[in-house]
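Chains A and B, in that order, give the protein sequences. Just so we're aligned, residue 838 is where the first sequence starts under the working numbering, counting upward by one. Just so we're aligned, residue 838 is where the second sequence starts under the working numbering, counting upward by one. Below you'll find the structure, written out as structure tokens, and then a few comments.
There are 2 protein chains.
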Amino acid sequence: MTTTEATTELGFTAALVRMSHLVQHVFADVSHDHEVTPQQVQLLCMLIDGPIGMTELSQLFHLEKSSITGLVDRVERRGLVTRVRDGRDRRVYQIALTGEGTRLAVEAHEDVIRRLDALAKDLSDAEKARVASAVVSVLDRHGVFTRRPGDLPRES
Amino acid sequence: MTTTEATTELGFTAALVRMSHLVQHVFADVSHDHEVTPQQVQLLCMLIDGPIGMTELSQLFHLEKSSITGLVDRVERRGLVTRVRDGRDRRVYQIALTGEGTRLAVEAHEDVIRRLDALAKDLSDAEKARVASAVVSVLDRHGVFTRRPGDLPRES
DNA sequence: CGAGGTTGGTTCGTAATGCAAATCATCATC
DNA sequence: GATGATGATTTGCATTACGAACCAACCTCG
């Protein structure tokens, strides 16, 4: 089925898979620069918009709760996040960024954006928008790693 | 900070990041179904087109050689690949799929394709092609995880 | 109220992943 | 044949991830 056409001829899914690897690699690079692991960076970035509970984190990351416990443990040990008891339900811990954690999260997040934009600098804005909207339409079918406003901690 | 626009408004890079997570998740699902880990599946799929040496694998995966040694060890222990001495240079081991490994690799590969295609079934072929070509143009700037014909083991 | 079940998180044990430094064996060259 | 470069492994360590068992706080219902 495949001939010797290299990357110039590539299926849609193969393109997605390779793009995924590229993104992972960018995350790995950025994480390395900031002395944390990729998973830790992703956790920190997820918390930029506000604290999240353990169970919700496990759903967002598609990981077991015990995995999240370990991840938060290690990031907390580095002083980047804190466990804050929820007043309404004393079982839940809201995971919140510390000052240091916020600084690192924002910087790393900007780095990722910067590097990905640099990689895509040959694409026109229109092309980028088209890709983004196509991706979004796929994502909306399977809400993945998405934090909708309704999921945000309510103040009421 | 954002209003109630959920995923409908999303930056290009954010879309890439989330798509990457989706792809990783698909890999995780497929791997789980086949009783192997995502990394192992990726290794097997990489070998479908023919055996590869350890050093070349470490470059393709952007991992240290010692990490590849461990990965190959575990997959070999399951009887999915074998280390074959290279006749021309007896230092190198070519990693080749066994029959069982080939079967699993092909099945898993097809599963990944199938699931990703299913996710993207709302996109027109034209849209898919556009996304693929945009992605390819980005990838070509930074050859990632790509095995070009020139990288294949030569017979000469 | 209080027993019983559910839910949020942690603990424990285990396996896989990944790095870095040191080591071994084979090439390659002079 | 000594020397150095290269391919791969070994060792030790931290991280990541799962699953099952567990505890504590919540909720419901009699």
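Don't be surprised by glycine CBs; every beta carbon is placed ideally from N, CA and C.
Judged by DSSP secondary structure, residue 919 of chain A falls within the beta strand (DSSP E) whose first and last residues are 918-922.
Straight across, the Cα-Cα distance linking residue 891 of chain B with residue 885 of chain B is about 15 Å.
Between residue 897 of chain A and the set A:879, A:913, A:911, the nearest pair of CA atoms involves A:879.
Within its own chain, the residues whose Cβ lies closer than 8 Å to the Cβ of residue 923 of chain B, once the five positions on either side in sequence are excluded, are 890, 929, 930, 931, listed in chain order. Membership of residue 934 of chain A in any alpha helix (DSSP H) is not indicated; the residue belongs instead to the beta strand (DSSP E) covering 930-934. Taking C-beta atoms under 8 Å as the contact rule, residue 883 of chain A and residue 856 of chain B fail to qualify, at a distance of about 16 Å.
One Cα belongs to residue 859 of chain B, the other to residue 926 of chain A, and the distance between them is close to 32 Å.
Look at residue 878 of chain B: its C-beta is not under 8 Å from any C-beta on chain A. Straight across, the Cα-Cα distance linking residue 952 of chain B with residue 907 of chain A is about 30 Å.
A Cβ-Cβ contact shorter than 8 Å links residue 975 of chain A with residue 956 of chain B. Just so you know, the alpha carbons of residue 961 of chain B and residue 972 of chain B end up roughly 16 Å apart. It is roughly 7 Å from the alpha-carbon of residue 935 of chain A to the alpha-carbon of residue 916 of chain A.
In the DSSP assignment, residue 890 of chain B forms a beta bridge with B:931. Between residue 977 of chain B and residue 850 of chain A, the beta carbon gap of about 18 Å keeps them out of contact (Cβ cut-off 8 Å). As the crow flies, the alpha-carbon of residue 942 of chain B is around 12 Å from that of residue 874 of chain B. For residue 948 of chain A, no chain B residue has a Cβ inside 9 Å of its Cβ, as the nearest lies near 11 Å away. A Cβ-Cβ distance of about 6 Å is found for the pair residue 949 of chain B and residue 864 of chain B, placing them in contact under the 8 Å criterion. Cβ contact annotation for residue 944 of chain A (same chain, cutoff 8 Å, sequence separation greater than five): 871, in chain order. The beta carbons of residue 888 of chain A and residue 921 of chain A sit closer together than 8 Å. Rounded to the nearest whole angstrom, the CA to CA distance from residue 913 of chain A to residue 895 of chain A is 17 Å. Residues of chain B whose Cβ lies closer than 7 Å to the Cβ of residue 967 of chain A are, in chain order, 967.
When the five nearest sequence neighbours on each side are left out, the beta carbons in the same chain lying within less than 7 Å of the beta carbon of residue 876 of chain A are those of 908, in order along the chain. Straight through space, the alpha carbons of residue 937 of chain B and residue 853 of chain B are spaced by roughly 34 Å.
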